[in-house]
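A.B. asks: Residue numbers (the UniProt record's numbering): 1 to 514.
Glycine included, each C-beta is placed from N, C-alpha and C at the ideal position.
For clarity, every value in this text was computed on a predicted model and none was experimentally measured.
Before anything else, here's the structure in question.
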Ligand code: ADP
Ligand code: MG
């Protein structure tokens, strides 16, 4: 089944059909905010000096087939995964042991840990933390031919594309079902004529998490009391703004919560903590209305996940300033650190202490085993280890990817490059990396993508499914809100190793279940 579904999908397009779909998709994208600001590589800064232009997000013309069993399983496990990462974040001692192993080889992890230690020394004033997570998977095809859900990584900071992925699902659904009556938008194919992509509730799910945190913050800690708001901390050069606006618009319109965007470089200028208030509320003065002051209940980070965002000690001061405030952080520094690839590797260790079960003590053991079933083999590179052997041997390296403790794409080393890369590093630095076996998705999948420079690419593809989840918890481990829903499908050329949409490797897609 897995093979046959892909063998004639998607149907061939005549040039008239392709022209029609490309026009329909590029217009739909702008009309409905399925858009990004173009990178200077696509539109040179001289042609766009005021940054007014937007273009379609890279997107597939067809939804991609995805095995229903894997999709259902990924959804079924998300709330347990939410719990797992909340539970890890609450165990500062366990996380600290892992971080200690990375500090001497990884300045970024070390600096994040220092922020935590500084705030811990002074004393945290907020015992709630919020996670907006995305668990990424591929449908691995084993030798038996059956697809199995395998996790690529778990994201605990700036999990993006919830807003745009919901729009892709809407676009594919409209193409499949309109005009009223039989659709003539796509050529005939049994899958296209029988299915529409499942509902995508990513915006509702992620917004519900932010709204739950806003609510749980309680009343203003200022005297006299101040109006409350949520702040999105964003990168000053962010191009994926419409994805973020989808969430802030939903929060404003549906949840009636004021939302502001503050660039990370402006945090110390536009927000402050009154020195005479031991509750340390985070106050925000909008530059467009300098007489207004809001108290920030929740800080949602769509920034601060990559070392190149911290160009000076001022950026670290800004991060510390947010962390020590009474605002609920999404994520806290500890929660960000729980998303290290090293944590994922240790959870996946087949022998030794069963960390997974101890973090999920109150979860049914069969469910814990299903979570474990999504782990692909991962290894550390300690002397004499299996990981070291697999990474240095050019034959076995071909079936692996080498990952550092980073987010956001473009940091991994793949296959044949691994042995030489490792040899180029001092051996003492190897402990900052983990080796992961490659997941092998369906070999014959194809699709057609409209890139954001207008190029149309058809070819063999690999799809990666992300499931969104949100959880609000107390540092005691008590959970106040745990919810899952909504998905991201990213599809890339089969020969491409990396996977990010923003990084220019993948296109946004939606799923047809089979
Ligand atoms: P990042 O945090 O930079 O997003 P990921 O672990 O998600 O790092 O890796 C980036 C991309 O590399 C993924 O989107 C995926 O396409 C590919 N990749 C990572 N791990 C694997 C794996 N085990 N098997 C196949 N592809 C992988
Ligand atoms: Mg990733």
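Under 8 Å by Cβ, that's how I've got residue 112 and residue 265 pegged, so tell me the actual separation to the nearest angstrom.
C.D. replies: No, residue 112 and residue 265 are not in contact; Cβ-Cβ is about 19 Å, not under 8 Å.
A.B. asks: Say yes only if the C-beta of residue 152 is nearer than 7 Å to one or more non-hydrogen atoms of ligand 1, and no if none qualify.
C.D. replies: Yes, the beta carbon of residue 152 sits closer than 7 Å to at least one heavy atom of ligand 1.
A.B. asks: Please tell me whether, using a cut-off of 7 Å, the distance from the CB of residue 109 to the nearest non-hydrogen atom of ligand 1 is below it.
C.D. replies: False, no ligand heavy atom lies under 7 Å from that Cβ.
A.B. asks: How do the stretch 133-142 and the stretch 168-175 stand: do at least 3 beta-carbon pairs fall below 8 Å, yes or no?
C.D. replies: As far as the Cβ criterion goes, the stretch 133-142 does not touch the stretch 168-175, which means the pair count is below three.
A.B. asks: Can you check whether the CB of residue 69 is closer than 8 Å to the CB of residue 147?
C.D. replies: Contact: yes.
A.B. asks: Determine the DSSP secondary structure at residue 521, reduced to helix, strand or coil.
C.D. replies: In the structure as shown, the chain starts at 1 and stops at 514, and residue 521 therefore has no counterpart that could be examined.
A.B. asks: Using 8 Å for Cβ pairs, my map puts residue 115 next to residue 319. What's the rounded Cβ distance?
C.D. replies: Right, the Cβ-Cβ distance comes to about 6 Å (below 8 Å), so this counts as a contact.
A.B. asks: So for residue 162, helix, strand or coil by DSSP?
C.D. replies: Note: residue 162 maps to helix in three-state DSSP.
A.B. asks: Please classify residue 6 as buried or exposed, where buried requires at least 16 neighbouring CB atoms within 10 angstroms.
C.D. replies: That one is buried.
A.B. asks: Please classify residue 12: does DSSP put it in a helix, a strand, or coil?
C.D. replies: Of the three classes helix, strand and coil, the one that applies to residue 12 here is coil, per DSSP.
A.B. asks: Please confirm whether residue 486 and residue 162 have their CB atoms less than 8 Å apart.
C.D. replies: Cβ atoms of residue 486 and residue 162: closer than 8 Å.
A.B. asks: Any Cβ of chain C within less than 8 Å of the Cβ of residue 343?
C.D. replies: Among the protein chains of the structure shown there is no chain C, as only one such chain exists.
A.B. asks: Just to check my reading of the structure: residue 517 and residue 301 have Cβ atoms closer than 8 Å, yes? What is that Cβ distance to the nearest angstrom?
C.D. replies: Not covered by the structure: residue 517. The range shown for the chain is 1 to 514.
A.B. asks: DSSP on residue 73, reduced to helix/strand/coil?
C.D. replies: If DSSP states are grouped into helix, strand and coil, residue 73 belongs with the helices.
A.B. asks: What residue does the beta strand (DSSP E) around residue 140 start on, and which one ends it?
C.D. replies: Here the beta strand (DSSP E) through residue 140 covers 128-141.
A.B. asks: What first and last residue would you give for the beta strand (DSSP E) that runs through residue 437?
C.D. replies: First-last of the beta strand (DSSP E) with residue 437: 434-437.
A.B. asks: May I ask you to report which of helix, strand or coil DSSP gives residue 96?
C.D. replies: Helix.
A.B. asks: Does the distance between the C-beta of residue 420 and the nearest non-hydrogen atom of ligand 1 fall short of 7 Å?
C.D. replies: Outside the cutoff, so no.
A.B. asks: Tell me whether residue 319, by its Cβ, gets closer than 7 Å to a heavy atom of ligand 1.
C.D. replies: Outside the cutoff, so no.
A.B. asks: Can you tell which of 504, 139, 158 has the C-alpha that lies nearest to the C-alpha of residue 463?
C.D. replies: Residue 463 has its Cα closest to that of 139, out of 504, 139, 158.
A.B. asks: With 16 other CB atoms within 10 Å as the buried threshold, where does residue 199 fall?
C.D. replies: Classification of residue 199: exposed, given that the 10 Å Cβ count is below 16.
A.B. asks: Any heavy atom of ligand 1 closer than 7 Å to the beta-carbon of residue 467?
C.D. replies: Residue 467: no, Cβ never under 7 Å from ligand 1.
A.B. asks: Throw me the rounded Cβ distance for the residue 435 and residue 130 pair, which I believe falls under 8 Å.
C.D. replies: With 8 Å as the limit, residue 435 and residue 130 do not qualify as a contact, their Cβ atoms being about 32 Å apart.
A.B. asks: State the start and end residues of the unbroken alpha helix (DSSP H) segment that holds residue 217.
C.D. replies: 202-217 is the extent of the alpha helix (DSSP H) around residue 217.
A.B. asks: Cβ of residue 436 versus every heavy atom of ligand 1: is any distance shorter than 7 Å?
C.D. replies: At least one heavy atom of ligand 1 is nearer than 7 Å to the Cβ of residue 436, so yes.
A.B. asks: Keeping to the same chain, check which residues put their C-beta closer than 7 Å to that of residue 78; ignore five residues upstream and five downstream.
C.D. replies: Taken in chain order, the residues that qualify are 135, 467, 469, 484.
A.B. asks: Could you check whether the Cβ of residue 221 sits closer than 7 Å to any heavy atom belonging to ligand 1?
C.D. replies: Result no, Cβ not under 7 Å from ligand 1.
A.B. asks: Quick one: complete beta strand (DSSP E) runs, 3+ long, within the stretch 383-458?
C.D. replies: Entirely contained in the stretch 383-458, the beta strand (DSSP E) runs reaching 3 residues are, in chain order, 400-403, 434-437, 446-450.
A.B. asks: DSSP three-state label for residue 293, please.
C.D. replies: Coil, per DSSP.
A.B. asks: Who are residue 56's beta bridge partners in DSSP?
C.D. replies: DSSP output for residue 56 lists 35 as bridge partner(s).
A.B. asks: With a threshold of 7 Å, establish whether the CB of residue 500 neighbours any heavy atom of ligand 1.
C.D. replies: The answer is yes for residue 500.
A.B. asks: Can you give me the C-alpha to C-alpha distance between residue 201 and residue 126, rounded to a whole angstrom?
C.D. replies: Their backbone Cα atoms lie some 29 Å apart in a straight line.
A.B. asks: Please determine, among 219, 282, 501, 360, the residue with the shortest C-alpha to C-alpha distance to residue 327.
C.D. replies: Residue 327 has its Cα closest to that of 282, out of 219, 282, 501, 360.
A.B. asks: Between the C-alpha atoms of residue 80 and residue 150, what's the straight-line distance to the nearest angstrom?
C.D. replies: C-alpha separation (whole angstroms): 15 Å.
A.B. asks: Taking the alpha helix (DSSP H) that residue 491 belongs to, which residues open and close that run?
C.D. replies: Premise fails: residue 491 lies in the beta strand (DSSP E), 479-493, not in any alpha helix (DSSP H).
A.B. asks: Report the rounded CA-to-CA distance for residue 34 versus residue 100, giving the unit in angstroms.
C.D. replies: Each residue's Cα considered, the two are about 42 Å apart.
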